[in-house]
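A.B. asks: To start, I am sharing the structure in question, which I have written as structure tokens.
In this note's numbering, the protein residues as written are 48 to 218.
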């Protein structure tokens, strides 16, 4: 991710947003061509090039998001989450790093890794897991275990229903 700009209190080049009293974008590293809508709360995170961050979204400190990833509105990305490039995070997706709340000590939290080319449907809840490259998470799914590359998972708890073409045991 080259050509990044450090954005602090809304100052930066190549990043499309108008700082105002309805958003907090502070001490973030944001790649060129990224678009950030109003009513966001982002601090101490790293966002790649050509991304889109929807309104009413919070992205916490230490989060890393790759290039060309879209985070739709009303999503929450907590600390200790890494999202790859070319991912789609639909509306209202919640990431969790604290399995037994409240755990005020970050040493008790766990991380989540979302590999490249992953799509996560609206209102999914993602516990601390690894989601493999090319996976698809259905809307409303509750992901409690690692997801293999190319798997299509749905339900609560999320279960593998099939694999995308070119992935899975037969690939």
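Backbone N, C-alpha and C define an ideal beta-carbon position, used for all residues, glycine too.
Note that this is a predicted model, so its numbers are computed, not measured.
1) Using DSSP bridges, identify the partner residues of residue 90.
2) Ordered along the chain, which non-local residues of its own chain (more than five positions away) have a Cβ less than 6 Å from that of residue 124?
3) Alpha carbon to alpha carbon, how far is residue 115 from residue 99?
4) Between which residues of its own chain and residue 129 is the CB-CB distance below 6 Å, once the five residues before and five after are set aside?
5) Nearest to residue 209 by CA position, among 184, 72, 203, 168, is which residue?
6) If you draw a straight line from the alpha carbon of residue 92 to that of residue 122, how long is it in whole angstroms?
7) Can you list, in chain order, the residues of its chain with a C-beta nearer than 7 Å to that of residue 139? Leave out the 5 residues immediately preceding and following it.
8) Consider the Cβ of residue 183: report whether some Cβ of chain C lies at a distance smaller than 7 Å.
9) Under the rule that 16 or more other beta-carbon atoms within 10 Å means buried, what is residue 96, buried or exposed?
10) Among residues of its own chain, excluding the 5 on either side of residue 164, which ones have a beta-carbon nearer than 6 Å to its beta-carbon?
11) Under 6 Å Cβ to Cβ from residue 207, same chain only, skipping five residues before and after it: list those, please.
C.D. replies: Put simply:
1) 73
2) 106, 110, 142
3) 8 Å
4) 111, 160
5) 184
6) 15 Å
7) 121, 122, 169, 170
8) Absence of chain C from the displayed structure is noted, only one protein chain being present.
9) buried
10) 133, 180, 181
11) 198, 200
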